[in-house]
Amino acid sequence: MNTNKPICVTGASGFIAAHIVEQLLSKGYQVRGTVRNADNRQKYQYLYDLDRTNKRLELVSANLLEAEGFKSAVAGCEYIIHTASPYALNVKDPKKDLLDPAVNGTRFLLEAAMNCSEIKRIVLTSSVAAITDSPSGDKVLTESDWNSKSSLKRNPYYYSKTAAEQEAWRIVKTEKPLFDLVVINPFVVIGPSYTPKLNTSNQILVDILTGQYPGIMNLTWGMVDVRDVAKAHILAMENEGASGRYLCANRTITMKNLVELLSNLEPNNSQVPKFNLISRPGNLLIRFASYFQPLGVGSYLRTHIGKELKFDNGKIKRELGIKFIDLEKSIRDTIADLKKWQHLPN
Ligand code: NAP
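For reference, each letter of the sequence shown is one residue, going 2 to 347 in my numbering.
Here you go:
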């Protein structure tokens, strides 16, 4: 792909987006990142530091709740990578804090893009949350699955991601814009961070290593390295044949195996959970306790405890050529980085 036009990356300040920005800059692209308040240069210095040439990164202001910023952000671009969306499990008001910014922001962005005839493709960061909110037994999840269960009361973050992705596909279907839409659906994204803020998914490792879990639960996560997720977005942009959705996950790991791995990597850590809650009574106990948790965590536990997780990541490997970073390496690199940012004690 050869373009001298800037690639617009929305939510450039984010954990995943900062890696996208870094990889785009290393490949020689010009980048126009959107952040909430570009005037606050100091806040985004970690992004400017990624631009070693000092002239290929521009930051502009855009808020997901306002259409205006996106109009100028996408002007003159051919490609957009839309990552901005609130990522939090626990919020005060799920509609105001999750659903509205996710859906309205996606609509504002696509509407702005429809007014620019040069735009060829939008790559949207969706989530496996838009594929399922409750894995079930033998079902192997693929790109053709849709989460039909979440709501403002049940896994509201999942609901916001599903509704935002559906809104994007609806607009493409009904408005038939000149650009096409390609969607990346990552699972739990871990890895080193360019941003000082602790990401919700890296928080899982911090919580295990700082004794926040009462015991080892019957939970399974699908994990993927942030560097692979960023690469997938760029390949989806560059590869003309890319189309539809791409489930972006390396492999599953149970909490039991993750705790074992973390204990081996951090042998002096005495806070990793030891009490085994993997049993039918253990699952029941967690379900009961989940009702005393905030809505986001509570409904996550009720919909995931004791559930087996299977998915097919063949499409992204076949069509985009992604070779996933070994999960143990991702975890090792994440821990080193969490210590660097002092999210974990050294
Ligand atoms: P993140 O670091 O929290 O990034 C979220 C980005 O969205 C930030 O740049 C944030 O800006 C921006 N944002 C949120 N609300 C906004 C608003 N009202 N107006 C403008 N910008 C707003 O989380 P992330 O993990 O990198 O997430 C990036 C994308 O990946 C999201 O769409 C998320 O749903 C998706 N995803 C993440 C994971 C994961 O495990 N991390 C998995 C699947 C999908 P501020 O920095 O100013 O808040």
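All C-beta atoms in this analysis are idealised placements derived from N, C-alpha and C, irrespective of residue type, glycine included.
All figures in this text were calculated on a predicted structure; none of them were measured in a lab.
Next item on the list: Give the range of the beta strand (DSSP E) segment to which H305 is assigned.
Entry: H305 -> not in any beta strand (DSSP E); alpha helix (DSSP H) instead, spanning L296 to H305.
Notebook entry, point to check: Is the beta carbon of D226 less than 9 Å from the beta carbon of D334?
Noted result: The answer is yes: Cβ separation under 9 Å.
Next item on the list: Report the rounded CA-to-CA distance for V273 versus N240, giving the unit in angstroms.
Entry: Spanning the two alpha carbons is a distance of roughly 43 Å.
Next item on the list: Please indicate yes or no: does the CB of I209 lie closer than 8 Å to some heavy atom of the ligand NAP?
Entry: It does not: the Cβ of I209 is nowhere closer than 8 Å to a heavy atom of the ligand NAP.
Item checked: beta-carbon F312 near the ligand NAP non-hydrogen atom, thresh 8 Å -> In this structure, the C-beta of F312 stays at least 8 Å away from each heavy atom of the ligand NAP.
Notebook entry, point to check: Over what stretch of residues does the beta strand (DSSP E) that includes S62 continue unbroken?
Noted result: First-last of the beta strand (DSSP E) with S62: L58 to S62.
Checklist line | Distance CB(I82)-CB(I235) smaller than 9 Å | finding: Yes, Cβ-Cβ distance for I82 and I235 is below 9 Å.
Margin query: Considering Cα atoms alone, identify which of V129, L65 and D50 is closest to N38.
Written below: For N38, the nearest C-alpha among the options comes from L65.
Next item on the list: Evaluate the contact criterion for the segment 198–207 versus the segment 141–152: three or more CB pairs, one atom per stretch, below 8 Å.
Entry: They do not touch, by the three-pair rule.
Check: When we look at the beta-carbon of L328 and count the other beta-carbons within 10 Å, is it buried (16 or more) or exposed?
Finding: The C-beta of L328 has 16 or more other C-beta atoms within 10 Å across all chains shown, which makes the residue buried.
Check: Hey, out of G212, D101, N269 and R122, whose CA is closest to A165's CA?
Finding: The shortest C-alpha separation from A165 is found at D101.
Note to self: Going by DSSP, what residue range makes up the beta strand (DSSP E) through I8?
What the structure shows: I8 to T11 is the span of the beta strand (DSSP E), which, as asked, contains I8.
Notebook entry, point to check: Bridge partners of V75, per DSSP?
Noted result: In the DSSP output, where bridge partners are listed per residue, V75 has none listed.
Checklist line | From V104, P7, G299 and N270, residue whose alpha carbon lies closest to that of R122 | finding: Of V104, P7, G299 and N270, the residue nearest in Cα terms is P7.
Note to self: Buried or exposed, going by whether 16 or more other CB atoms sit within 10 Å of the CB of D50?
What the structure shows: The C-beta of D50 has fewer than 16 other C-beta atoms within 10 Å across all chains shown, which makes the residue exposed.
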